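In our numbering, the protein residues as written are 80 to 348.
Glycine residues also receive a C-beta, built at the ideal position from the N, C-alpha and C atoms.
The structure presented is a predicted model; accordingly, all values stated were derived computationally and were not measured.
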Ligand code: BGC
């Protein structure tokens with residue numbers, strides 16, 4: 080799952096990846112080789128409030144745009160879609176940073192209708208974790224690492240994905256641990272650093288408190304840090320003191336898209 084040039088024909092596309100966040104929807108086509116078709120990677124604004132129907136409309140437009148850009152008829156190509164919430168059997172069960180109308184919604188059926196194709200829905204951090212564990216920082220020679228791997232995305236909220244020997248334990252919500260009386264993501268998400276104008280030193284202290292607690296709860300061998308802030312990993316990863324090995328994510332902001340498409344290509348994983 081690395082990047083590649085645009086394949087010559089539709090038959091080389093395997094899935095569409097759509098990664099929904101509070102501010103943008105990232106998307107791309109993924110080839111039959113599991114690699115992101117870099118020329119198609121892009122993002123659209125999440126509609127204000129992220130109401131399900133409005134989001135579905137933007138996704139339908141994205142697919143029309145992809146058809147135009149590639150000159151291919153993408154009918155029948157499955158789509159992997161992420162949401163920043165708990166997803167059980169295609170139904171969304173939480174919505175910390177998006178419209179509460181998602182809660183209880185069979186978003187898989189709704190999106191399948193609007194996008195006119197098979198849709199596979201999963202949590203955004205789980206999707207990013209799948210990409211990293213199958214082909215990125217949580218893998219070696221194209222195989223998931225043995226042991227316990229925890230991926231944490233530091234962004235608008237804190238997303239988490241937990242794997243044992245490459246098998247996902249879905250919907251782990253470590254961003255919502257209560258620590259010192261606060262919802263953890265309200266103190267340690269990357270957004271908070273910007274909003275509260277924290278220095279690296281101040282933010283690192285919060286991350287240390289958070290990560291030490293998470294490590295105590297699940298004893299991972301490896302912690303992969305994702306989210307846009309992971310591009311600045313040299314500012315903070317070396318300063319954190321944990322037993323687990325701590326590494327930056329490899330796919331950065333494309334991990335969710337790749338993981339979503341991976342799920343559409345391999346529904347069992
Ligand atoms: C949500 C998670 C999501 C994370 C990152 C949290 O607020 O509860 O489901 O993975 O934000 O978007």
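Proximal residues to residue i (C-beta, below 6 Å), its chain only, five neighbours per side dropped
i	result
residue 200	160, 166, 169, 186 and 187
residue 340	94, 96, 109 and 159
residue 255	262
residue 240	204, 205, 208 and 230
residue 84	Reliability fails at residue 84, whose pLDDT of 46 lies under 50, so the model's placement of it is uncertain and the value that follows must be treated cautiously. Correct list: empty, nothing qualifies.
residue 329	215 and 216
residue 282	272
Simplified DSSP state of residue i, which is helix, strand or coil
i	result
residue 293	helix
residue 179	helix
residue 102	coil
residue 320	coil
residue 251	coil
residue 82	Low per-residue confidence applies at residue 82: pLDDT is 45, beneath 50, and the placement is therefore not dependable, though the value from the model is reported in the following sentence. Note: residue 82 maps to strand in three-state DSSP.
residue 261	strand
residue 335	helix
residue 122	strand
residue 256	coil
residue 141	helix
residue 343	helix
residue 283	helix
C-beta atoms of residue i and residue j nearer than 8 Å
i	j	result
residue 253	residue 293	yes
residue 125	residue 102	yes
residue 99	residue 205	no
residue 297	residue 227	yes
residue 155	residue 232	no
residue 338	residue 216	no
residue 115	residue 107	yes
residue 264	residue 237	yes
residue 111	residue 91	yes
residue 343	residue 157	yes
Close-in-space but distant-in-sequence residues of the same chain around residue i (CB under 7 Å, 5 per side omitted)
i	result
residue 286	267, 315 and 319
residue 332	105 and 307
residue 128	178
residue 279	314 and 315
residue 346	199
residue 335	98, 105, 161, 203, 206 and 207
residue 148	119
residue 289	258, 263 and 267
residue 146	152 and 153
Chain-order list of residues whose beta-carbon lies under 8 Å from that of residue i (same chain, five-residue window excluded)
i	result
residue 324	300, 301 and 302
residue 222	245
residue 175	163, 164, 236, 254, 255 and 264
residue 131	178, 180, 181, 184, 186 and 189
Per DSSP, the bridge partner or partners of residue i
i	result
residue 236	Residue 236 is not bridged to any residue.
residue 218	223
residue 327	304
residue 199	159
residue 243	227 and 246
residue 92	110
Examine the Cβ distances between the stretch 191 to 198 and the stretch 172 to 183 and report whether three or more of them are shorter than 8 Å.
-> Judged by Cβ distances under 8 Å, the stretch 191 to 198 makes no contact with the stretch 172 to 183, as fewer than three pairs qualify.
Are the stretch 247 to 261 and the stretch 271 to 286 in contact at 8 Å, needing three or more beta carbon pairs?
-> no
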